[in-house]
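Chains as they are written, first to last, in our numbering: chain R, 1 to 120; chain V, 1001 to 1144. C-beta: ideal position from N, C-alpha, C; glycine also.
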Amino acid sequence: MNYKEHKSEPFWWGMFSQGGVIAALLIPIHIFLGGIAVHLGLIDAELMSHERLTDLLQNPLVKLYLCVLLIFPLYHAAHRIRFTLAEIGLHSLAKVLPFLCYGGALLGTAAVLYILWILL
Amino acid sequence: MMLDSETTKTYTRPISKAWWLRDRGHFNRRYFMFLLRELTSVFVALYVVLFIYEIFLLTKGPDAHTAFRESLSAGPWIAFHIIALLFALYHSYTWLGLTTKMQAAGRGLVKIGTKTLPPILIALGSYGAWIIATCIIAYLFLTL
Chain R
1 MNYKEHKSEP FWWGMFSQGG VIAALLIPIH IFLGGIAVHL GLIDAELMSH
51 ERLTDLLQNP LVKLYLCVLL IFPLYHAAHR IRFTLAEIGL HSLAKVLPFL
101 CYGGALLGTA AVLYILWILL
Chain V
1001 MMLDSETTKT YTRPISKAWW LRDRGHFNRR YFMFLLRELT SVFVALYVVL
1051 FIYEIFLLTK GPDAHTAFRE SLSAGPWIAF HIIALLFALY HSYTWLGLTT
1101 KMQAAGRGLV KIGTKTLPPI LIALGSYGAW IIATCIIAYL FLTL
């Protein structure tokens, strides 16, 4: 197979690694607080209300934090999904998968930046 | 990497399509756990997309966001979050355990002078950082 590594490959591996660390450190507590604890009544529902969240997002540090939290893990997931799909049988798509996966992560990045810094 | 069978005589063992479930007629736990580990990224991605959707709804006003929050309180969504949490925890466990594994393998990564630090210290460092980050985020979320 004449696979020639694209020169952008180290960048994607780097983002995969960054995103992996950020997802490992930060994602579980967010899932627990916003997705489970608040619905089981373990924490006050007001903590996830529109008023409270928009108030939090007035703070540029919170926006910056959300950029890190949401953007890097997208690249982590895109990279893993790219290779896993090929490994479970989609070898024939190996040339298209990087575009689909990293393209998705890039779109997500644009969405996060647009929502946080322009819409909000 | 696949070899071109036209130009080489190297034997490549045929791999079943569902190698992560059955390999040469047997269930291989390591293959299965490998796939589970890779699958964690799907749940990370789904959660992040849901999160992005929520901040988008914040821009649509209180009604849209409140309705979204109410739908998330339904059983299936709670179940989704519990499953996503289990996968996210497995990601944290495997990812943060990597440096420990590398430290344990060969000569190790982190040294002081010529002494290699024991892997348990690396484990304490990475899992400790996870616990500290979790506490900080929870504290800020609950008190800001």
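Separation of Lys95(R) from Asn2(R), as counted between CA atoms
Residue confidence is low: Asn2(R) scores 47 on pLDDT, short of 50, so the model does not pin down where it sits. No coordinate-derived value is stated.
Residue ranges of each alpha helix (DSSP H) run of no fewer than 4 residues wholly in the segment 65-118 of chain R, ordered along the chain?
Listed in chain order, the complete alpha helix (DSSP H) runs (minimum 4 residues) inside the segment 65-118 of chain R are 97-114.
Strictly below 7 Å CB to CB, what residues from chain V border Val112(R)?
Those within 7 Å of Val112(R) in chain V are Ile1052.
Report the rounded CA-to-CA distance for Ile1131(V) versus Ala1084(V), giving the unit in angstroms.
Rounded to the nearest whole angstrom, the C-alpha separation of Ile1131(V) and Ala1084(V) is 19 Å.
Quick check: the segment 39-56 of chain R against the segment 1117-1129 of chain V, are at least 3 beta-carbon pairs closer than 8 Å?
Between the segment 1117-1129 of chain V and the segment 39-56 of chain R there are fewer than three C-beta pairs closer than 8 Å, too few to call the two in contact.
Span of the alpha helix (DSSP H) around Trp1077(V)
Going by DSSP, Trp1077(V) is part of the alpha helix (DSSP H) stretching over Gly1075 to Ala1104.
Between the CA atoms of Leu66(R) and Ile115(R) - distance to the nearest angstrom
If I take the Cα positions, the gap works out to 11 Å.
I want to see whether chain R comes within less than 8 Å of Lys1017(V), judged by CB atoms only; does it?
For Lys1017(V), the answer is yes, since a Cβ of chain R falls inside 8 Å of its Cβ.
Per DSSP, what kind of secondary structure is Ile1112(V) in: helix, strand or coil?
Here Ile1112(V) sits in strand by DSSP.
In chain V, which residues lie less than 8 Å from Ala77(R) when you measure between Cβ atoms?
Chain-ordered, the chain V residues with CB closer than 8 Å to the CB of Ala77(R) read Ser1041, Val1042, Val1044, Ala1045 and Val1048.
Using the DSSP secondary-structure output, state which residues sit across from Asp1023(V) in a beta bridge.
In DSSP, Asp1023(V) forms a bridge with His1026(V).
Could you tell me how far apart the beta carbons of Ile43(R) and Ile1082(V) are, in whole angstroms, since I believe they sit closer than 8 Å?
Not confirmed; about 16 Å, so no contact.
Cβ shell of His76(R) (< 6 Å), same chain only, five flanking positions each side left out:
Phe16, Gly19, Gly20 and Ala23, listed in sequence order.
Provide the residue span of the alpha helix (DSSP H) that contains Arg1069(V), from first to last.
Pro1062 to Leu1072 is the extent of the alpha helix (DSSP H) around Arg1069(V).
Between which two residues does the alpha helix (DSSP H) harbouring Ile1136(V) extend?
Where Ile1136(V) is concerned, the enclosing alpha helix (DSSP H) stretches over Pro1119 to Thr1143.
If Leu57(R) sits next to Leu119(R), beta carbons under 8 Å apart, how far is it from one beta carbon to the other, in whole angstroms?
Actually they are not in contact, since the Cβ atoms of Leu57(R) and Leu119(R) sit about 10 Å apart, beyond 8 Å.
Would you check if the distance between the CB atom of Ile105(R) and the CB atom of Leu74(R) is smaller than 8 Å?
The question names Ile, but residue 105(R) is Ala in the sequence shown. It is a contact, given that the beta carbons lie within the stated cut-off.
Could you say if the segment 1024-1035 of chain V and the segment 1070-1081 of chain V meet the contact criterion of at least three C-beta pairs nearer than 8 Å?
No, they do not touch.
Answer with yes or no whether the minimum CB distance from Pro1014(V) to chain R is below 8 Å.
Closer than 8 Å: no.
Can you tell me where the alpha helix (DSSP H) with Glu51(R) in it begins and where it stops?
Its alpha helix (DSSP H) spans residues His50 to Leu56.
Return the first residue and the last residue of the alpha helix (DSSP H) that Gly10(R) is part of.
Correcting the residue type first, residue 10(R) is Pro in the shown sequence and not Gly. It spans Glu9 to His30 - the alpha helix (DSSP H) in which Pro10(R) sits, taken as one unbroken run.
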